[in-house]
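Contents: one structure, followed by commentary.
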Amino acid sequence: MDKRGNLLDVRQLRVIFHTYRGLIKALNGVDLWMDKQERLGIVGETGCGKSVTAQAMMRLIEEPGKITEGEVWFENRDLLKLSEDEMTKIRGREISMIFQEPKSSLNPVFKSGFQIKETLLNAKKATPANAEEEVEKILGYVGMDASRVKNMYPHELSGGMAQRVMIAMALATQPKLLIADEPTSALDVTIQAQILELLSDLTQKMGNAVMMITHDMGIVAEFCDRVVVMYAGNAVEVAPTKELFQNPIHPYTQGLLRAVPRVGRPGELKAIPGTVPDLVDPPEGCRFHPRCDYAFDQCKNVLPPLLEISAHHYVSCYLCQKDGCPSAKKAGEEPW
Amino acid sequence: MTVANEKTALGFFEKNKPYIDDLKHTVFLFRKSKLTMVGFVLIVIFLLVAFLGPLFLPYDPIAQNFAVRLQPPSQEHLFGTDQFGRDIFSRVIQGSRMALWIIFLVSAISGLLGTTVGIIAGYFGGLIDDIIMRITDMFLAFPSLVLAMAFAAMMGPNFTNTIIAISLVNWTTYARLARAEAMKVKEQPYIEAIRSVGAGTGRILFLHVLPMCISPVIVQLTLRMGTIILTAAGLGFLGLGVQPPTPEWGAMVSDGRNFLVDQWWISTFPGFAIVFVVLGFNLLGDGIRDMLDPRLRR
């Protein structure tokens, strides 16, 4: 089987949640892939399945959720076929994750240094003899006063400091892939910039690939090499960052970019009409068609496949197959 | 390499400074609360009496001497004597050792059993939880003293069976507490975070869930120590506990029942001993809760 990325290849991932209201089809066959040391951004509205994708890859989906279909190839293993014990060894040692709420992601009863030490020892990246030194070294990497911070409890840390500790913990084991699930959403703008810079520097030095989950187009533009745009449980467009901003093709991506406020261009902010579909009863065919200006009959029946329409640019939209691409220029508007 | 040299050159106090600071802080919190100190003093007295008291007894607590039968408290017999002429002061002191044993063993057995079973039920949930909780419901359906009586009567009244009976009655409280906490804790983001950096089930359960559940259990343990003594005294009072002539406070209160109107001291002094210790544990338990909660610490 040919793999699309040499680190990660997720194929047709489907996740459902059993709830009182019915079956929520949270992921509807997601496709994404990553190369080593690559930085992939995943963008989309709240509830489009960004975080669920990451959790499913790590097999952290809990009841009432369930992975029903798909493959997650990480290097040469399908993570969905591993035993729980093997998966535990992958988590932390090869794939780590940092979360949106840094303060609640640390155990409140342990000092931050102890938590990093435990992670190190658990992943066998340090021996009990040198663990203490390793912890100080790692806390130094994330720009903290190690001797002070390692003896602080999580509630004594500020949000930015807690996120630094989380980053230290996640990178301590030198994973090949770091999944950052909205790592800056809960932080101040100034701290956001610092944290992003820190993540950028560290992962570059250590050579980790980063999957950045966010709804902030600014972060994507600054941080990512390549972007996956998700809508209602599908990857709708995949492209290198520059290409995506210059030549967005999927009508949803175009809408998303128009909805970002820009300095110096007042009055151009446009919302995408309609609302995100209810995933208990999603629209047939392309899930975006009820909100799409260009929708035609075919869109309402079958989900369009993700096809490569130019080099490294993949789109899941019938317009590309019908009469060329519905580029923003064609619609008479300037792109990003 | 200078760093390493400095490290080895540091003395014990410098090296363990954070831990010592922590300890100092704990002591500070402890001393700030007067009621905790009262409880602490009561329990220290109790422990001292239990450990050292039996070495300095004025009389043999078991030897009968009908010549001094039913004597009121006096210089000779500080707490008076009972119907067999035994010195009640000596018996109360000897009884403290029995009480301490019962508290220690029952707390250890029921605390360990209850917490382990509770966090397993709470963390795994589902069928395991249902089965364990229905079992605890069965235990909780009976008044604790009645259930302890039933166990003691079934197994035969002696010291070991008293311990087992009281432990069997007590563990459900800790199991329910630990379960409720475990259910709360397993939903916390940091459990997911710790799973995502590669912690296995056993590690999560005992390193991350257990410490979060332990503080209410410890408070309950200290508060329950009073109840344990009361249950033990109740069993003793009913003749289902430790058997005579071994001095046990509950049995001693029971001994004095027939003489309560004229010889009040036979029941009263062991009764005071029970009050003293139960009160001490209750006050101490409250204080320990305040100290163990990291959210109230600084």
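Chains as they are written, first to last, in our numbering: chain A, 10 to 345; chain B, 206 to 503. Backbone N, C-alpha and C fix where the C-beta goes; we use that ideal spot for every residue, glycine too.
Listed in chain order, the non-local C-beta contacts of B:Lys391 below 6 Å within the same chain comprise Tyr328, local neighbours out to five positions each way being set aside. A:Val52 and A:His322 do not touch by the CB rule: their CB atoms are close to 16 Å apart, not below 8 Å. Judged by DSSP secondary structure, A:Tyr150 falls within the alpha helix (DSSP H) whose first and last residues are 140-150. Its chain contains Pro299, Arg300 as the residues whose beta carbon lies nearer than 8 Å to that of A:Gly283, once the 5 sequence neighbours on both sides are disregarded; these appear in chain order. Within the same chain, Cβ atoms closer than 8 Å to the Cβ of A:Lys12 are found at Asp18, Trp42, Trp82, the five residues on either side in sequence being excluded. One thing to note: B:Leu440 has its Cβ within 8 Å of the Cβ of B:Gly446. By the C-beta density criterion, A:Gly31 is exposed, having fewer than 16 other C-beta atoms within 10 angstroms. With contact defined as three or more Cβ pairs closer than 8 Å, the region 183-196 of chain A and the region 147-164 of chain A are not in contact. Restricting attention to alpha helix (DSSP H) runs no shorter than 4 residues, the region 289-349 of chain B encloses them at 293-329, 331-345, ordered along the chain. Chain order gives no chain A residues near B:Leu318, where near means a beta carbon separation below 9 Å; the closest approach is about 23 Å. For B:Asn270, no pairing in a beta bridge is given by DSSP. In terms of Cα proximity to A:Met215, the closest of A:Arg296, A:Ala179, A:Glu72 is A:Ala179. Inside the region 11-92 of chain A, DSSP marks whole beta strand (DSSP E) runs of 3 or more residues at positions 17-28, 31-43, 48-52, 74-83, from first to last along the chain. For the pair A:Ile99 and A:Leu88, the CB atoms are nearer than the 8 Å cut-off.
For a cut-off of 8 Å, the C-beta gap from A:Asn160 to A:Lys120 is around 5 Å, short enough to register as a contact. With fewer than 16 other Cβ atoms inside 10 Å of its own Cβ, A:Ser167 counts as exposed.
Rounded to the nearest whole angstrom, the CA to CA distance from A:Asp210 to A:Glu127 is 25 Å.
For the set B:Val297, B:Pro263, B:Ala268, the Cα lying nearest the Cα of B:Glu281 is the one of B:Pro263.
In the three-state reduction of the DSSP assignment, A:Glu103 falls in the coil class, being assigned neither a helical nor a strand state. In this chain, the beta strand (DSSP E) harbouring A:His322 covers 322-324. Taking a Cβ-Cβ threshold of 7 Å, the residues of chain A close to B:Glu397 are Leu69, in chain order. Membership of A:Tyr240 in the beta strand (DSSP E) is indicated by the continuous run 235-240.
Within chain A, the residues placing a beta-carbon under 7 Å from that of B:Arg400 are Leu69, Arg100, ordered along the chain. The Cβ neighbour count for A:Glu191, taken over all protein chains shown within 10 Å, is at least 16; the residue is labelled buried. DSSP places A:Ile258 in the coil class of the three-state scheme, outside both helix and strand. Below the 7 Å Cβ cutoff, chain B contributes no neighbours of A:Ala195, its closest Cβ being approximately 11 Å away.
One Cα belongs to A:Ser92, the other to B:Gly316, and the distance between them is close to 34 Å.
For the region 366-390 of chain B, there are no residues whose beta carbon sits under 8 Å from a beta carbon of chain A.
DSSP, read as helix, strand or coil, puts B:Pro223 in helix. Cβ proximity to chain B below 8 Å picks out Glu127, Thr128, Asn131, Ala132 from the region 126-152 of chain A. According to DSSP, A:Ile222 shares a beta bridge with A:Ile51, A:Asp190.
Take the alpha-carbon of A:Ala189 and the one of A:Pro292: they are about 30 Å apart. In the DSSP assignment, B:Asn366 falls within the alpha helix (DSSP H) that extends over 364-391. For the region 223-236 of chain B, the beta-carbon criterion of a distance under 8 Å to any beta-carbon of chain A is satisfied by Pro223. For A:Leu316, the uninterrupted beta strand (DSSP E) run begins and ends at 316-319, by DSSP. With a threshold of 16 other beta carbon atoms within 10 Å, B:Met343 falls short and is exposed.
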